[in-house]
Amino acid sequence: MPVSPSTSAGVRVLAVANQKGGVGKTTTAINLGTALAAVGEKVLLLDCDPQGNASTGLGVPRSQRVTTVYDVLVNQAPLLDAVVKTKVPGLDVVPADADLSGAEIELGAAPRRSYRLRDSLAQIRTDPAPYSYVLIDCPPSLNLLTVNAMTAADAVLVPLQCEFFALEGLTQLMRTVELVRGSLNPKLEIQGVVLTMYDKRNSLSDQVAQDVRSHFGDKVYETMIPRNVRVSEAPSFGKPALIYDLKCAGSQAYIRLAREVVGRERARREAAA
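The working numbering applies: residue 4 is where the sequence shown begins, and numbers increase by one.
Dropping the structure here:
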């Protein structure tokens, strides 16, 4: 079932966050961004992980990372000066490199250090906005970069691996969201939880999915992202899975997830109208 792009003015900023590594966070940011662009949304992906995996996975070589998220945060470079076009029509990226790992130390005593990213996004929070979605790929830790992302975001999208310690890590993330909401960004909300690395042959995956749904209810997306070799291979070719192999199970799941995200956003806007 096709989904038409958003028509409402303004940009929706989603922080893709989980302090636990290896949960499919960057994979979700890349492929959700690609899928949203495929249904006609204009998407900007901010790579806020010093590893720069989102930039690599979108085929941005190191030589093209001239102005990065580090420059935006530390040197207050204009956000639009750092934008790099990707090979996916409608999807741009602000890349990252290893310099970003020093941002927390360099911003230690800086004014408005937790608001740097939010301040930079003012350049695109215009009417009409140049993008309908901004996805922020957070690092796998609860540090100043993640706090900046949550302070800048309208909502948090949480990729959650279907494995034993999933709920334990999620509880810690929820505490961080509450702290940010209480002191830095009172409008921050949970946009949704997406279950990743689901293996239907493994009864533990089903048990974790049931536990998460019983705890978070309709905040959990219906779409679950399966373990998929083609999705894992795609970054080594500098391509989103949807470009590398559109027909594989993982790519099709991200297309369904994009439909859910757009549907939820449309319902939110209609309820607020």
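From the three backbone atoms N, C-alpha and C, an ideal C-beta is built for every residue, glycine too.
> With respect to the beta strand (DSSP E) encompassing leucine 49, which residues constitute its N-terminal and C-terminal limits?
Replying inline: In this chain, the beta strand (DSSP E) harbouring leucine 49 covers 46-50.
> Does the separation of the CB atoms of methionine 153 and valine 161 fall below 8 Å?
Replying inline: No, the Cβ-Cβ distance between methionine 153 and valine 161 is not below 8 Å.
>> When you compare the stretch 41-49 with the stretch 167-179, are there three or more beta-carbon pairs, one atom per stretch, that lie closer than 8 Å?
In response: No, the stretch 41-49 is not in contact with the stretch 167-179.
>> In whole angstroms, give me the CA-to-CA distance for leucine 120 and proline 81.
In response: Their backbone Cα atoms lie some 11 Å apart in a straight line.
> Which whole-angstrom value is the C-beta distance of methionine 227 and alanine 212, which I expect to be below 8 Å?
Replying inline: 7 Å between Cβ atoms; contact.
> Should proline 92 be labelled buried (16 or more other beta-carbon atoms within 10 Å of its own) or exposed?
Replying inline: So proline 92 counts as exposed.
> Could you check where the beta strand (DSSP E) with glutamate 263 kicks off and where it finishes?
Replying inline: No beta strand (DSSP E) contains glutamate 263, which is instead part of the alpha helix (DSSP H) from 252-275.
> chain C beta carbons: is any one of them nearer than 8 Å to that of alanine 244?
Replying inline: The chain labelled as chain C is not found in the depicted structure, where only one protein chain is given.
> Does the beta-carbon of threonine 129 have 16 or more other beta-carbons within 10 angstroms, so that it is buried, or is it exposed?
Replying inline: Classification for threonine 129: exposed.
>> Distance check for cysteine 251 and threonine 149, CA to CA, integer angstroms please.
In response: A direct Cα-to-Cα measurement between threonine 149 and cysteine 251 gives close to 31 Å.
> Is it true that the CB of phenylalanine 219 sits closer than 8 Å to the CB of valine 183?
Replying inline: Contact: no.
>> Please classify aspartate 84 as buried or exposed, where buried requires at least 16 neighbouring CB atoms within 10 angstroms.
In response: Exposed: under 16 other Cβ atoms inside 10 Å.
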